[in-house]
Structures are given as structure tokens and as C-alpha cells.
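Counting along the sequence shown from 1, when you hit position 167 you're at 716 in my numbering, and nothing is skipped either side.
Positions of the beta carbon are idealized from the N, C-alpha and C atoms, including for glycine.
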Amino acid sequence: MNASTRLSTPAGLSKTQEYLLAVAAAILTANAYYIHPIIGDVAHAFGVGAARIGLVPALNQLALAVGILLLLPLGDRFSNRSLTIIFTIGQCAGLLVMTLARDFALFTAGSTLLGFFTIAPYLLPAYASKRVPPERLGHVTAILTAGVIFGILVARVGAGVVAEYADWRTVYWIASAAMIGITLVLPRIMDKGSGEREAGRLRYHQLVFSLLGLLRSHREIVLSGAIQAIGFGQFIALWLGLALHLTGPEMGYGTDVVGYLAGFAAISVFSTPYWGRLADRIGPRRARVGFAIAQTAGMALLLPFGNSLWLLMVPIFVGNVVGPAIDVTSRMTFLSLEPDLRTRLTTIYIVMMFMGGSIGSFAGTALFEMFGWTGIALCVSGSCLCLTALALLGYRLYGQREAA
């Protein structure tokens, strides 16, 4: 065992800590998703159209990508624990601006600020990866991913129901209270530990510019990032378009129905850890190909099933089961590499992911305004085909590492 390995091998995480970190990831992630079922209500409240309201989630995702690029590399120089607490305070500030905003510009500014500081959920996998043995990496990564999924689930279901029976602003008051609470609790969940400053010899600008070198020396991160960018972009576009479709005059449902449909994501909270263990056994690249094919088959049903709420449950169910598994397997392709690179490789991956999310946010509302549900369904199906092609390419180029 060399010195670097000794520095990055801490006492470990207890199971209680693993699940508490998953809860924290849920609360920290949820903030970007409250708007999904209530986007029509927010647009109506501020008197803007479908295309313009799409700027709110689009700028949130773009700001998140910029924040990840500029702030996440600090995780390879400074304590993940300290950074997580600081960034969580920034999230609180942005969320409070959104809650109190009385005009569209200020609401959008608060959402953008919130996005810029939403770094903590993406520090947590790197933090945990330095504290678990390699043979449990897939399982623990999946637990944290399940926490993120649960946060998205609660955000979308809860926001839809609360907005239907109270109003959309109450959603953000509840979210602000949850954020203040987790900010106070996080210091007790996260140990200071060792393995926090592997790249401490690098200055900040060296950390940021070192990303370019990592793009050249670890080319698979570009492929994994592109796969997740497509997957996340289509996820955002689908749910924004679905909210507008179901609450529009043609379907005529309330925001609570959008939230209830989002409840299908609950299955992925339980299925994703299983897929993580499967990927541990057969290899993440091989597993990712299977998940991508299954997702493509499911999303092909969006168009023919689009006019029936009950039939739409089928592709939504499939997407909720296999979509998160694609994310887990893509992360596993780089979280098993050297500990001193993981946070910066995560930076590249997440920046690409949220650039895809930004495009999907704007495209989802714009396509719906121009082409209705047909435009959304065709766009998502086409992006699934692209994702599957990249997954196959990844297995062909790097599949030999599965047996390494």
C-alpha cells in the first residue's frame, strides 16, 4: 500500500451515515424540481408564456453547470465537509429569493442563484467514494443516487399536491424550511476524516485548468458525460412537457395529477441499489447498454400512449426504473479511478449533465409550445436512440476494462 492509498483510506462510513447522506442528497437535490409540476401555475402567476417560463429551469441548470465547473474542483483541495456546508447556505439564499419574489425577473434570478450553489449533492458521491472499499462502491453510489431520486420524487409529487390545495408559493416556503434544517444538521452527519485533500498541492486555477488535461488523458469521461447529458436533458424535457400537456385544455388535469404520476419514481428508490449491485457483478459498461435499450423501448410508447393518462404510466414507469441506473453505471466508470481525480472527473461529468439539462429545459417548453405533445415524444425517442448508440460505443471501446 502506497502513501497515496493510505491517505485516502479512512475509517469508513457506517450504514447510518450512508443513509443520512442519502437523505441530505434528497433535500439538496429537490430544490431544482419543485417547479416541474407547477410550471403552468408559476407562468400564470407571473403572466408569461410556456416558452418564457422555460427560462427558469433552463437558467437554473446552466448556472448549476457553471457552479460545478468553478466550485466543484475545490473538493480536491479543500474539505468536502466544509464546502458542502458553505454551498448549502448559498442554496438557502437563492431559495428564499424565489419564495419572496413578486416579479418574474427576481424569481428567475433566485432560481439561477440557487442553481449556481447546488453543488453539495455532487460532492457527496466523491466524499463517500473515499470512505468505502472498492467492492461496495457501486452499492453506496446507488444508495446516494436513490436519495437523489427520492428528493426528485418528493419535490414533484409534493409540489403538485401542495400547489393544488394551497398555492405554488407555499411549496417554496416548505422547501426553504427544509433547507435551513439540513444546513444545521449536515455538520453532524459528515465526519472530518482523512482523504479530504489529496490534490491540496494544486492551486485553484491549476485545479480548474487541470480539467482540460483530464479530458485528454481520460477520454471515457467525455463519453459517460455525453450519455448522461442526453439522459438528463430528455428527462427534464419530458417532465416539463408532461406537466404542460396534462394541465392543458386538451387533457384538463390538475397539478396534483402531475405529482401523482411522478410518484412512479418511487420504484427507482428500491430498484436502483439492485442495479448498482448488478453492475458491480457484470461491469457498468455492459449493464449500461442493457439499460439504454430498455429505456429506448419504453420511451417509444410516449407518442402512441400520449392521449391516455393510464397508458402513459407504462413509459413513465420504464423510464423511472432504468433511467437512474444509466446514471449509476456511468458514474462507476470513473469513480473507481484514483481518489485524487474523482472530484474533478465528477466535475466534468456533472457540467456536461447540466448543460444537457439546460438544453432540455428550454427545448421541452419550446417544443411543446410549437408542436405539442407530439414534439416532446419524438424528441425524447430520438434522444434515446442517440444514448443507446453511445452506450454501445462505450462498451466497444472500453468494455475490456470490465474484467480488470
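Taking its Cβ as the centre, do 16 or more other Cβ atoms sit within 10 Å of residue i, making it buried, or is it exposed?
i: LEU562; result: buried
i: GLU567; result: buried
i: SER660; result: buried
i: ILE638; result: exposed
i: GLY909; result: buried
i: GLY762; result: exposed
i: ALA715; result: exposed
i: THR554; result: A caution first: THR554 carries a pLDDT of 39, below 50, which makes its placement in the model too unreliable to give a value.
i: ALA677; result: buried
i: SER857; result: exposed
i: TYR753; result: exposed
i: LEU939; result: buried
i: GLY616; result: buried
i: ARG817; result: It is worth fixing the name first, because residue 817 is Ser in this sequence and not Arg. Result: buried.
i: SER766; result: exposed
i: MET919; result: exposed
i: ALA726; result: exposed
i: MET902; result: buried
i: ALA799; result: Here residue 799 turns out to be Glu, not Ala, going by the sequence shown. Under this definition GLU799 is an exposed residue.
i: PRO683; result: exposed
i: ASP652; result: exposed
i: PHE666; result: buried
i: ILE584; result: buried
i: MET862; result: exposed
i: ALA786; result: buried
i: PRO833; result: buried
i: ALA654; result: exposed
With a threshold of 9 Å between beta-carbons, can residue i be considered close to chain D, or not?
i: GLY782; result: No chain D appears in this structure, which consists of one protein chain only.
Please confirm whether residue i and residue j have their CB atoms less than 9 Å apart.
i: THR914; j: ILE587; result: no
i: LEU852; j: TRP922; result: yes
i: THR804; j: GLY709; result: yes
i: VAL771; j: LEU619; result: no
i: GLY790; j: ILE576; result: no
i: PHE784; j: GLY906; result: yes
i: ILE668; j: PHE636; result: yes
i: LEU570; j: LEU733; result: no
i: ASP876; j: GLY780; result: yes
i: GLY839; j: GLY868; result: no
i: VAL572; j: GLY707; result: no
i: MET881; j: GLY948; result: no
i: ALA691; j: PRO822; result: yes
i: ALA599; j: LEU884; result: no
i: GLN844; j: LEU936; result: yes
i: LEU946; j: GLU769; result: yes
i: VAL900; j: ALA650; result: no
Got a sec, what are the start and stop residues for the alpha helix (DSSP H) residue i sits in?
i: MET647; result: 629-649
i: SER820; result: 815-831
i: VAL929; result: 891-947
i: THR657; result: 653-665
i: ILE587; result: 584-595
i: PRO888; result: First-last for PRO888: undefined, no H or E at that position.
i: LEU672; result: 669-678
i: ILE615; result: At residue 615 the sequence reads Val, which differs from the Ile that was named. Its alpha helix (DSSP H) spans residues 604-620.
With DSSP as the reference, label residue i as helix, strand or coil.
i: GLY855; result: coil
i: ASP716; result: coil
i: GLU567; result: helix
i: ARG768; result: coil
i: PRO798; result: coil
i: ALA811; result: helix
i: VAL572; result: helix
i: ALA786; result: helix
i: ALA579; result: helix
i: PRO559; result: Summary for PRO559: the model assigns pLDDT 46, below 50, so the residue's position carries little reliability; its value from the coordinates is reported in the next sentence. Here PRO559 sits in coil by DSSP.
i: THR601; result: One detail in the question is off: residue 601 reads as Arg in this sequence, not Thr. Of the three classes helix, strand and coil, the one that applies to ARG601 here is helix, per DSSP.
i: GLY780; result: helix
i: LEU860; result: helix
i: ARG834; result: helix
i: ALA849; result: coil
i: MET960; result: Past the boundaries of the shown model lies residue 960; the chain is included only from 550 to 953, so the question cannot be answered.
i: VAL681; result: coil
i: ASP740; result: coil
Report back the beta-carbon spacing between residue i and residue j to the nearest angstrom; my notes put them in contact at under 8 Å.
i: THR896; j: LEU672; result: The pair is not a contact, with the Cβ atoms about 10 Å apart (cut-off 8 Å).
i: TRP722; j: VAL591; result: At roughly 14 Å, the Cβ-Cβ gap does not stay under 8 Å, so TRP722 and VAL591 are not in contact.
i: ILE865; j: LEU810; result: 6 Å
i: LEU795; j: PHE917; result: In fact, because the Cβ distance is near 11 Å, the residues do not count as touching under 8 Å.
i: TYR898; j: GLN755; result: 20 Å between Cβ atoms; not a contact.
i: THR578; j: PRO670; result: 5 Å
i: THR657; j: VAL605; result: 5 Å
i: GLY855; j: ALA926; result: 6 Å
i: ARG630; j: MET739; result: 4 Å
i: ILE701; j: TYR802; result: Not quite, the Cβ-Cβ distance comes to about 20 Å (not below 8 Å), so this is no contact.
May I ask whether a heavy atom of the ligand NAD can be found less than 8 Å away from the beta carbon of residue i?
i: VAL867; result: For the ligand NAD, the structure offers nothing, since it holds no ligand at all.
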